[in-house]
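Participant: Got a structure for you, written out below as structure tokens; questions coming shortly.
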């Protein structure tokens, strides 16, 4: 099951103890922190998971933690989960504002899911739905080369602010990439070279 902490300070050890107190003292729940205030646990049986997942929240007695328990198909031994968020990509040249190219550019920082096709035709940053480990850290500037010409491409989550270059011209990520778009000189292949 998935345990989302609503109130209180939870740790793997505290939740393990709380679940032993609440459900079965002899069961090893294999509580694992997946993200801030999100944990996975292996319940002893489907009935107990079904029962607690129907409740709006569960108050745990020992440490006074309030949690929401839900069913999930996440493996209890998984080390983390990806979160979905919308990002904005600015600085793309007009010829690169195509869904396939935007997905390729977005893949430099996250797993692209969907490109907002309406944003491709507007004179504003392109919106892309992505999966990533921590949306709060998804922000930066990358220099990408299309056909040998460099462009500073900025990434940020919709709720964040737009990144800017530092005084020495290097972004916080320090990345630069060389992408050759399809043209007659390279036979339509894309070469990926790190500078």
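In the UniProt record's numbering, the protein residues as written are 1 to 195. By construction, the Cβ of each residue, glycine as well, lies at the ideal position given by its N, Cα and C atoms. Since the model is a prediction, treat every value here as computed from it, not as a measurement.
With DSSP collapsed to three states, give me the class of residue 149.
Facilitator: If DSSP states are grouped into helix, strand and coil, residue 149 belongs with the strands.
Participant: Nearest CA to the CA of residue 49: which residue from 110, 2, 132 and 112?
Facilitator: Answer by Cα proximity: 2.
Participant: With a Cβ-Cβ cutoff of 9 Å, do residue 127 and residue 86 count as a contact?
Facilitator: Result yes, Cβ atoms of residue 127 and residue 86 sit closer than 9 Å.
Participant: Where do the ends of the alpha helix (DSSP H) carrying residue 121 lie?
Facilitator: Per DSSP, residue 121 belongs to the alpha helix (DSSP H) from 117–121.
Participant: Please give me, in chain order, every unbroken run of the alpha helix (DSSP H) with length at least 4 that falls completely inside the segment 44–112.
Facilitator: The segment 44–112 contains these whole alpha helix (DSSP H) runs: 46–53 and 99–106.
Participant: Less than 9 Å separating the beta-carbons of residue 31 and residue 12?
Facilitator: Closer than 9 Å, so yes.
Participant: Starting from residue 32, trace the beta strand (DSSP E) both ways and give me its first and last residue.
Facilitator: Note, residue 32: beta strand (DSSP E), 32–35.
Participant: Is it the case that the segment 50–66 contacts the segment 99–108, given that we only count it when at least three CB pairs across the two stretches are under 8 Å?
Facilitator: No, because fewer than three Cβ pairs between the segment 99–108 and the segment 50–66 fall closer than 8 Å, the two stretches do not touch.
Participant: Quick one: residues in its chain with C-beta nearer than 8 Å to the C-beta of residue 184, no 5 flanking neighbours on either side, listed in chain order?
Facilitator: Residue placement at residue 184 is flagged as unreliable, the pLDDT there being 36, under the threshold of 50; a coordinate-derived value is accordingly withheld.
Participant: With burial defined as no fewer than 16 other Cβ atoms inside 10 Å of the residue's Cβ, what is the status of residue 114: buried or exposed?
Facilitator: Exposed, because fewer than 16 other Cβ atoms sit within 10 Å of the Cβ of residue 114.
Participant: How close, in whole Å, do the beta carbons of residue 130 and residue 106 come, if the pair is a contact with beta carbons under 8 Å?
Facilitator: With a Cβ gap of about 6 Å, residue 130 and residue 106 count as contacting.
Participant: Within 10 Å of its beta-carbon, does residue 158 have 16 or more other beta-carbons around it, so buried, or fewer, so exposed?
Facilitator: Residue 158 is exposed by the Cβ-count criterion.
Participant: Around the Cβ of residue 137, are there at least 16 other Cβ atoms within 10 angstroms (buried) or fewer (exposed)?
Facilitator: It is exposed - the Cβ of residue 137 has fewer than 16 other Cβ atoms within 10 Å.
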